[in-house]
Amino acid sequence: MKRQNSLFADAAVVAEYNKLVTEIRQHDAAYYQDDAPKVSDAEYDKLRQRLEEIEAEYPDLVSSSSPSQSVGAAPSKGFKSLQHSVPMLSLGNAFESQDVSDFMERVRNFLKLPSSEIVEIVTEPKIDGLSCSIRYEKGQFVQAATRGDGASGEDITENVRTIADVPKMIEGEVPDILEVRGEIYMRRDEFAALNAAQEKTGGKIFANPRNAAAGSVRQLNPQVSASRPLQFFGYALGQVSEPIAETQDGIRKKLKSWGFAQAEPQAVCVSVEDILAYYRDVEMKRPDLPYDIDGVVYKVNSLAYQERLGFIARAPRWAIAHKFPAEKAVTVLKDIIIQVGRTGVLTPVAELEPITVGGVVVSRATLHNEDEIQRKDIRIGDHVVIQRAGDVIPQIVEVVLEKRSADSKAFDFPHQCPICDSHAVREEGEAVWRCTGGLICPAQAVERLKHFVSRLAFDIEGLGAKIIEEFYAEELIQTPADIFTLEERDKGSLTPIRKRAGWGDLSAKNLFESIEKRRVISLPRFIYALGIPQIGEATAKRLAETYLTFDALRQAMRACADSEGDAYLALLNVQDVGESVAADLVGFFAEAHNQKILDDLLEQVRVEEFVPVVVGDSPVAGKTVVFTGTLVTMSRAEAKATAEGLGAKVAGSVSSKTDYVVAGADAGSKLKKAKDLGVSVLTEEEWAALIRM
Ligand code: IVH
Numbered sequence: 018m019k020r021q022n023s024l025f026a027d028a029a030v031v032a033e034y035n036k037l038v039t040e041i042r043q044h045d046a047a048y049y050q051d052d053a054p055k056v057s058d059a060e061y062d063k064l065r066q067r068l069e070e071i072e073a074e075y076p077d078l079v080s081s082s083s084p085s086q087s088v089g090a091a092p093s094k095g096f097k098s099l100q101h102s103v104p105m106l107s108l109g110n111a112f113e114s115q116d117v118s119d120f121m122e123r124v125r126n127f128l129k130l131p132s133s134e135i136v137e138i139v140t141e142p143k144i145d146g147l148s149c150s151i152r153y154e155k156g157q158f159v160q161a162a163t164r165g166d167g168a169s170g171e172d173i174t175e176n177v178r179t180i181a182d183v184p185k186m187i188e189g190e191v192p193d194i195l196e197v198r199g200e201i202y203m204r205r206d207e208f209a210a211l212n213a214a215q216e217k218t219g220g221k222i223f224a225n226p227r228n229a230a231a232g233s234v235r236q237l238n239p240q241v242s243a244s245r246p247l248q249f250f251g252y253a254l255g256q257v258s259e260p261i262a263e264t265q266d267g268i269r270k271k272l273k274s275w276g277f278a279q280a281e282p283q284a285v286c287v288s289v290e291d292i293l294a295y296y297r298d299v300e301m302k303r304p305d306l307p308y309d310i311d312g313v314v315y316k317v318n319s320l321a322y323q324e325r326l327g328f329i330a331r332a333p334r335w336a337i338a339h340k341f342p343a344e345k346a347v348t349v350l351k352d353i354i355i356q357v358g359r360t361g362v363l364t365p366v367a368e369l370e371p372i373t374v375g376g377v378v379v380s381r382a383t384l385h386n387e388d389e390i391q392r393k394d395i396r397i398g399d400h401v402v403i404q405r406a407g408d409v410i411p412q413i414v415e416v417v418l419e420k421r422s423a424d425s426k427a428f429d430f431p432h433q434c435p436i437c438d439s440h441a442v443r444e445e446g447e448a449v450w451r452c453t454g455g456l457i458c459p460a461q462a463v464e465r466l467k468h469f470v471s472r473l474a475f476d477i478e479g480l481g482a483k484i485i486e487e488f489y490a491e492e493l494i495q496t497p498a499d500i501f502t503l504e505e506r507d508k509g510s511l512t513p514i515r516k517r518a519g520w521g522d523l524s525a526k527n528l529f530e531s532i533e534k535r536r537v538i539s540l541p542r543f544i545y546a547l548g549i550p551q552i553g554e555a556t557a558k559r560l561a562e563t564y565l566t567f568d569a570l571r572q573a574m575r576a577c578a579d580s581e582g583d584a585y586l587a588l589l590n591v592q593d594v595g596e597s598v599a600a601d602l603v604g605f606f607a608e609a610h611n612q613k614i615l616d617d618l619l620e621q622v623r624v625e626e627f628v629p630v631v632v633g634d635s636p637v638a639g640k641t642v643v644f645t646g647t648l649v650t651m652s653r654a655e656a657k658a659t660a661e662g663l664g665a666k667v668a669g670s671v672s673s674k675t676d677y678v679v680a681g682a683d684a685g686s687k688l689k690k691a692k693d694l695g696v697s698v699l700t701e702e703e704w705a706a707l708i709r710m
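Under the working numbering, the sequence shown has 470 at position 453, and the numbering climbs by one with no breaks.
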């Protein structure tokens with residue numbers, strides 16, 4: 018090759034080269050900073066290839082700012098993960114007034130408070146943004162994280178540092194460690210202005226202020242975050258090295274004095290009526306607020322009560338979100354199609370004339386099941402009222418009968434699977450039709466695979482729903498284990514993934530890397546990934562806590578075939594597991610096909626042993642406790658929750674394995690049995706003293 022000096026590269030080459038540099042930089046920014054690539058990886062690879070060709074031929078053209086010179090080719094995608102010292106929870110929802118009364122009732126019952134006793138409730142708006150935990154050490158801002166899965170989130174420290182609303186230094190008396198939790202949001206007018214500016218510059222257009230806030234915080238380049246109009250409200254605490262108040266209202270006042278903005282209006286209410294009046298007041302003010310809210314939040318004011326109430330699954334017992342009714346719109350139902358889920362359920366889906374509801378374009382809505390279509394008398398061609406509430410899938414509320422035309426068509430629910438043609442059945446007492454195709458039904462297999470790679474399961478980046486469908490159809494991936502042998506098989510393939518339409522060297526490499534990263538997986542994620550009916554994230558975690566290893570779980574489930582045996586009783590003792598969930602679990606492990614899938618998969622991945630969180634030095638951790646008789650200082654639910662929170666197991670019956678029986682008034686046969694077996698019997702007071710140690 019002739020070596021030339023850049024002086025001799027003709028003007029056309031220099032122009033082409035400069036254009037390439039600019040283009041590649043723009044694509045890098047779109048991909049790495051905006052999460053929104055504008056070209057396929059293949060096209061991108063082509064640009065880089067051409068750049069490299071020119072640089073090889075005219076080395077003097079290469080400057081240190083060339084894309085070819087940046088370290089590691091491109092900045093790494095994604096954020097560092099940060100563990101939350103105190104989990105970030107979500108909130109249960111109330112929709113009707115009755116749900117609010119029920120909430121108050123639950124709080125009272127749990128705490129064993131008479132109805133005459135006033136329970137103060139702090140009420141505040143529920144801001145539609147993204148939650149964030151900000152950590153201060155000795156008053157200095159040191160770290161910020163998104164909620165993520167609640168246990169760990171993304172490190173967005175540098176981005177949050179650019180938010181003017183967030184104090185960087187707290188003056189005065191402040192605990193050494195202080196985590197302030199709250200919501201990052203964008204005002205409606207700022208959102209509109211941002212979108213207008215984005216449109217001018219060809220930037221990303223956001224669907225609503227919440228997406229704009231999330232997209233602006235999740236920027237790898239903090240300068241982009243800094244340029245966006247982000248704001249913050251503080252409404253709760255994470256880890257604190259010492260208490261800062263005795264009430265929720267006290268926390269709010271402290272936060273305010275430290276410079277954290279507060280969403281208004283807020284109130285302290287003393288009755289359900291009071292609370293509902295607040296709700297109506299805020300609902301009325303909603304259109305005039307400068308930011309989006311999707312409801313209001315109620316929190317028990319006393320922190321002592323909050324502590325006693327504790328948490329259930331992923332939400333506190335001491336707070337609830339009261340949502341505003343969903344936004345509605347009228348559109349035309351064009352057709353009804355049937356989707357087949359991973360358990361074979363046939364779900365009717367409405368195809369709609371696209372329409373904007375609450376800032377989002379909706380073109381599909383779920384119809385749930387056959388009865389729902391009949392009950393609402395929904396016909397193809399009807400005008401229908403649809404509604405959307407937060408992240409919930411849009412639903413059809415009702416038909417606008419006055420607008421029904423003569424040629425609207427009733428829908429015959431199919432008795433066959435539209436995917437595999439197998440017979441569909443609707444069992445007695447069930448609302449759904451199910452495909453009987455099982456293993457031969459591709460829809461079920463594909464949906465199971467999609468679930469397997471999803472965010473809360475194996476979380477394999479780059480293996481989205483579309484790609485799963487494509488790879489399944491082409492028989493590249495049929496079972497979970499196939500995902501982990503993909504790269505090996507791809508090496509020998511005549512049509513490797515990187516050569517496929519829409520793929521390139523970079524994206525193929527990234528995919529294989531993200532698969533490799535998941536060869537070791539935690540036990541709760543693994544159990545959840547299996548897609549066993551009724552086993553959600555919370556139950557998977559309970560099972561992991563109980564059985565600790567996958568082997569142990571598997572053996573136990575096989576032993577459960579004997580429904581009289583100890584293994585089955587132990588399973589029923591797991592929180593969240595009743596007869597129906599147990600049947601699904603045992604059924605899953607009993608099936609030969611599933612055994613084979615598991616064996617193949619376990620050759621590819623390693624499931625970590627579950628290491629239970631050590632609950633302080635609690636003297637009852639790991640002990641089995643039985644509560645019996647009438648308890649005076651706490652309700653049964655509270656007693657159980659407290660004991661479990663300290664790492665104890667709470668059992669329903671006394672055996673030689675029981676460590677303590679806590680006996681209230683009128684204790685009967687269990688107390689007698691405890692005495693016969695020589696198990697320690699404690700009064701309520703003795704129990705309280707024991708756990709307070
Ligand atoms: S309190 C343990 N207060 O709503 C309770 N949350 O649906 C922590 N949110 O994840 C939450 N406004 O992102 C609380 N005034 C408010 C809120 C609020 C908005 C968000 C928050 C939370 C989600 C739950």
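Ideal placement from N, C-alpha and C gives every residue a C-beta, glycine not left out.
Residue i beta carbon near the ligand IVH (any heavy atom closer than 8 Å)
| i | result |
| --- | --- |
| Glu530 | no |
| Ile354 | no |
| Asn508 | Per the sequence shown, the amino acid found at residue 508 is Lys instead of Asn. Answer for Lys508: no, Cβ out of range of the ligand IVH. |
| Tyr252 | yes |
| Arg164 | yes |
| Val314 | yes |
| Ser422 | no |
| Pro142 | yes |
| Glu200 | yes |
| Asp438 | no |
| Ala336 | yes |
| Gly146 | yes |
| Met121 | no |
| Met105 | yes |
Which listed residue (the options) has its alpha carbon closest to that of residue i
| i | options | result |
| --- | --- | --- |
| Glu207 | Ser233, Asp193, Asp438 and Ser686 | Ser233 |
| Phe488 | Glu504, Asp476, Pro636 and Ala474 | Glu504 |
| Ala278 | Asn35, Glu324, Arg535 and Glu200 | Glu200 |
| Thr39 | Leu68, Ala576, Glu389 and Trp704 | Leu68 |
| Ile614 | Ala213, Val349, Ile494 and Asp182 | Ile494 |
| Asp77 | Thr179, Val31, Glu703 and Gly553 | Val31 |
| Ile398 | Val414, Ala423, Ala321 and Lys640 | The sequence as given places Gly at residue 398; Ile does not occur at that position. Answer by Cα proximity: Ala423. |
| Phe605 | Arg269, Gly109, Leu570 and Gln248 | Leu570 |
Under 9 Å between C-beta atoms of residue i and residue j
| i | j | result |
| --- | --- | --- |
| Val624 | Ser524 | no |
| Val366 | Ala460 | no |
| Glu464 | Arg381 | no |
| Ser258 | Leu195 | yes |
| Val299 | Pro142 | yes |
| Gly156 | His101 | no |
| Gly361 | Cys434 | yes |
| Trp275 | Val191 | yes |
| Leu688 | Thr645 | yes |
| Thr659 | Gly327 | yes |
| Ala474 | Arg542 | yes |
| Val667 | Val698 | no |
Inter-residue Cα distance where the pair is residue i and residue j
| i | j | result |
| --- | --- | --- |
| Leu602 | Asn386 | 25 Å |
| Ala224 | Thr373 | 10 Å |
| Leu369 | Asp145 | 26 Å |
| Leu64 | Ala73 | 14 Å |
| Asp172 | Ala262 | 28 Å |
| Glu608 | Gly455 | 12 Å |
| Gln236 | Gln215 | 15 Å |
| Pro92 | Asp311 | For Pro92, the predicted structure reports a pLDDT of 31, less than 50, and the residue's modelled location is therefore unreliable. The matter cannot be settled from this model. |
| Val88 | Asn35 | Model confidence at Val88 stands at a pLDDT of 34, short of 50, so the residue's coordinates are unreliable; what they give is reported in the following sentence. Each residue's Cα considered, the two are about 20 Å apart. |
| Arg421 | Phe341 | 29 Å |
| Ala706 | Val637 | 12 Å |
| Leu663 | Ser673 | 22 Å |
| Gly669 | Ala518 | 59 Å |
| Ser635 | Leu272 | 32 Å |
| Leu648 | Leu694 | 22 Å |
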